[in-house]
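Numbering (this note's numbering), first residue to last: 6 to 338.
Structure below.
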């Protein structure tokens with residue numbers, strides 16, 4: 006899973022120690038995955054679990070005891086064992102260097118088997134969905150501070166796609182707000198791989214929309230027989246590139262910047278010259294994601310420095326945990 010380093014102007018533990026938390030994140034994820042996988046393979050009894058979903062207040066009310074399923078899986082362990090290695094969660098960030106000591110944290114992740122997965126692949130999907138909720142808390146809190154997460158991010162399919170489908174060596178900045186010369190500037194999506202910085206501007210609206218682009222300030226969006234204007238996404242994209250280029254230059258960061266215009270459910274019709282810009286639409290989105298997933302290089306020192314440079318200039322809105330807890334108590338308390 007890619008690591009959500011900064012979400013809008015929310016507090017981020019990566020701002021505190023970017024050298025520590027990527028490794029700690031991977032270690033936590035892998036150890037808990039191994040535990041859940043082992044319990045599933047052995048058919049161990051799993052304690053009751055209530056799904057934590059702050060955004061929608063949904064919960065699993067049914068209580069399941071996994072011991073009843075032991076005999077279901079006993080005969081299938083050999084059949085599924087060949088798939089286990091194929092779904093191992095990657096561990097790109099853990100090196101052979103001396104380990105970083107754990108620090109006290111207010112967050113723990115305790116995944117539980119909440120229904121009867123029929124395969125190791127289904128088990129992994131359940132685990133990743135649970136981990137996504139944990140990751141949103143991980144990316145918006147520290148030991149002492151916390152930010153309120155807009156519920157829409159819990160339903161954001163692109164955010165979920167990037168985090169769940171890309172490997173651990175990617176660092177994601179999702180619409181971060183920077184402070185440049187005391188002025189707030191909101192960027193779009195910044196994806197940091199070990200070898201490059203990818204700036205992404207997203208056009209996701211109606212399904213089957215066709216975006217007809219050019220050098221003008223506005224593009225035409227065609228949906229069926231209706232035409233409308235949308236702001237040229239290259240304006241935001243070029244601004245992102247300019248801001249990051251300036252920041253990287255100040256800190257002597259040698260990191261190439263690539264620009265992407267993305268629509269997952271529509272199409273681009275861009276007759277002009279697209280030098281230096283990659284157009285990803287419904288036709289090649291899957292191929293593009295597969296290409297990103299194949300980047301197997303471990304995290305690089307320059308990648309960390311580039312991410313740190315961005316973090317050094319972000320805007321943060323957060324609350325002290327003590328204040329948060331007091332404000333959330335009933336009035337009569």
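Backbone N, C-alpha and C define an ideal beta-carbon position, used for all residues, glycine too.
Cβ-Cβ distances below 7 Å link residue 220 to 277 in the same chain, with the five nearest sequence neighbours on each side left out; the list follows chain order. Under the 8 Å Cβ criterion, the region 200 to 208 counts as touching the region 245 to 252, having at least three qualifying pairs.
Under the three-state reduction of DSSP, residue 274 is assigned to strand. Secondary structure in the region 222 to 255: the alpha helix (DSSP H) runs of 4 residues or longer, each lying completely within the stretch, are 238 to 255 in chain order.
Shown here for residue 133: same chain residues with a beta carbon closer than 8 Å to its own, the five before and five after excluded, namely 6, 169 in chain order. By the C-beta density criterion, residue 237 is buried, having at least 16 other C-beta atoms within 10 angstroms.
Residue environment for residue 150: buried (at least 16 other C-beta atoms within 10 angstroms of its C-beta).
The Cβ neighbour count for residue 123, taken over all protein chains shown within 10 Å, is under 16; the residue is labelled exposed. DSSP, reduced to helix, strand and coil, places residue 141 within a helical segment of the structure shown.
Going by DSSP, residue 8 is part of the beta strand (DSSP E) stretching over 8 to 12. Per DSSP, the unbroken beta strand (DSSP E) holding residue 191 starts and ends at 188 to 191. A distance of 8 Å or more separates the beta carbons of residue 258 and residue 304. For residue 147, there is no enclosing beta strand (DSSP E), as DSSP gives it neither H nor E. Burial is judged here by how many other beta carbons sit within 10 angstroms of a residue's own beta carbon; residue 213 has fewer than 16 and is exposed.
The DSSP-derived three-state label of residue 268 is coil. Residue 200 sits in coil when the DSSP states are folded into three classes, being neither helix nor strand. In terms of Cβ geometry, residue 270 and residue 288 do not form a close pair [threshold 8 Å].
The Cβ neighbour count for residue 47, taken over all protein chains shown within 10 Å, is under 16; the residue is labelled exposed. Under the 10 Å beta carbon count, residue 233 is surrounded by fewer than 16 other beta carbons and is classified as exposed. Counting along the chain, no alpha helix (DSSP H) covers residue 154, and no H or E run does either. Distances from the alpha-carbon of residue 11 to those of 38, 180, 216, 261 put 180 closest. Between residue 320 and residue 22, the CB-CB gap reaches or exceeds 8 Å. Cβ-Cβ separation between residue 309 and residue 178: approximately 14 Å, too far for a contact (criterion under 8 Å).
Excluding sequence positions up to five before and after residue 137, its CB lies within less than 7 Å of the CB of 165, 168, 169, all in the same chain and listed in chain order. Around the C-beta of residue 268, 16 or more other C-beta atoms lie within 10 Å, and the residue is accordingly described as buried. In the three-state scheme derived from DSSP, where H, G and I count as helix and E and B as strand, residue 35 is classed as helix. When DSSP states are grouped into helix, strand and coil, residue 180 belongs to the coil group.
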